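A.B. asks: Before I ask anything, let me first share the structure, which is written out below as structure tokens.
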Amino acid sequence: EREERVFSACGGSSAYKRPLIQKIGFLDDDFFFSCEDVDIGFRANLAGWQTIYVPTAVVYHKLKATGGAVTGSYYDGRNFLYLIWKNYPSSLLRQQWRPILAAQWHITREALRHWRGEAARARLRGQAAGLWGIFKMWPKRKQVQALRTVDDGELTAVFTTPD
């Protein structure tokens, strides 16, 4: 109910300043379907920009949501890993690799538990594609990290933990 800093904004309800886009670039086509808004939010945070949640803002989204059980599961599985490869600072990866790995392993176990479901198998295919995606994201990572202006403490201050 109050205006406050958040990590990133939903792509369907965000506005970006031109200088930000000129500095970090716009949406990355490799994040087709999901996480493109988190990617731009991550890059903005690394470059020292802030995202502000404004509870009084009203957004009318007139298109159908893009989520889909099978398609969404694949791209979420892939793009969550793309986010790590491209944006997560090495210093934080060294500190937080265990909980990151545990979270991914939890997703994998849940998908294996529901193996008969098409969406679960899609999630596993997405995770496999995401692992392989390190080769695609690594050159982008170097560019993103070169724009970094904040230290680990400033960045983790806007991370949230799942409820």
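Numbering-wise, the sequence shown is residues 1097 to 1259 according to my numbering.
Backbone N, C-alpha and C fix where the C-beta goes; we use that ideal spot for every residue, glycine too.
The structure presented is a predicted model; accordingly, all values stated were derived computationally and were not measured.
Alpha carbon to alpha carbon, what distance is there between tryptophan 1145 and valine 1254?
C.D. replies: Each residue's alpha carbon lies about 12 Å from the other.
A.B. asks: How many angstroms separate the CA atom of lysine 1236 from the CA atom of lysine 1113?
C.D. replies: Answer to the nearest angstrom: the Cα atoms are 22 Å apart.
A.B. asks: Give me whichever residues DSSP pairs with threonine 1147 in a beta bridge.
C.D. replies: In DSSP, threonine 1147 forms a bridge with Val1102.
A.B. asks: In chain order, what residues of the same chain lie with their CB nearer than 8 Å to the CB of aspartate 1172, ignoring the 5 residues before and after it?
C.D. replies: Only Ser1130, Cys1131, Arg1219, Gly1222 meet the Cβ criterion.
A.B. asks: Leaving out the 5 sequence neighbours to the left and right, which residues in its chain are closer than 7 Å to arginine 1140 when beta-carbon positions are compared?
C.D. replies: For the record, residue 1140 in the displayed sequence is alanine; it is not arginine. Same-chain partners within the cutoff: Leu1116, Ile1120, Thr1147.
A.B. asks: Measure the alpha-carbon distance for leucine 1197 versus histidine 1210 and round it to whole angstroms.
C.D. replies: Between leucine 1197 and histidine 1210, the C-alpha separation is close to 20 Å.
A.B. asks: Can you give me the C-alpha to C-alpha distance between aspartate 1135 and arginine 1212, rounded to a whole angstrom?
C.D. replies: Taking the straight line joining both Cα atoms gives about 31 Å.
A.B. asks: Could you have a look at lysine 1236 and say whether DSSP puts it in helix, strand or coil?
C.D. replies: Note: lysine 1236 maps to helix in three-state DSSP.
A.B. asks: Pick out whichever of Leu1251, Leu1208, Pro1185 has its Cα sitting closest to the Cα of alanine 1242.
C.D. replies: Checking every option, the nearest Cα to that of alanine 1242 belongs to Pro1185.
A.B. asks: Between Lys1232, Thr1152, Asn1183, Gln1192, which has its C-alpha nearest arginine 1244's C-alpha?
C.D. replies: Selected option, being the one with the closest Cα: Asn1183.
A.B. asks: The alpha helix (DSSP H) spanning valine 1166 covers which residue range?
C.D. replies: First-last of the alpha helix (DSSP H) with valine 1166: 1165-1183.
A.B. asks: Tell whether a beta-carbon distance below 8 Å holds between glutamate 1099 and tyrosine 1149.
C.D. replies: The answer is yes: Cβ separation under 8 Å.
A.B. asks: Return the CA-CA distance between tryptophan 1234 and valine 1240, expressed in angstroms with no decimal places.
C.D. replies: Whole-angstrom Cα-Cα distance: 10 Å.
A.B. asks: Less than 8 Å between the beta carbons of valine 1154 and alanine 1215, yes or no?
C.D. replies: No; because the gap between Cβ atoms is not below 8 Å, this pair is not in contact.
A.B. asks: Out of Phe1127, Leu1177, Asp1247, Pro1151, which has the shortest C-alpha to C-alpha gap to tryptophan 1193?
C.D. replies: Answer by Cα proximity: Leu1177.
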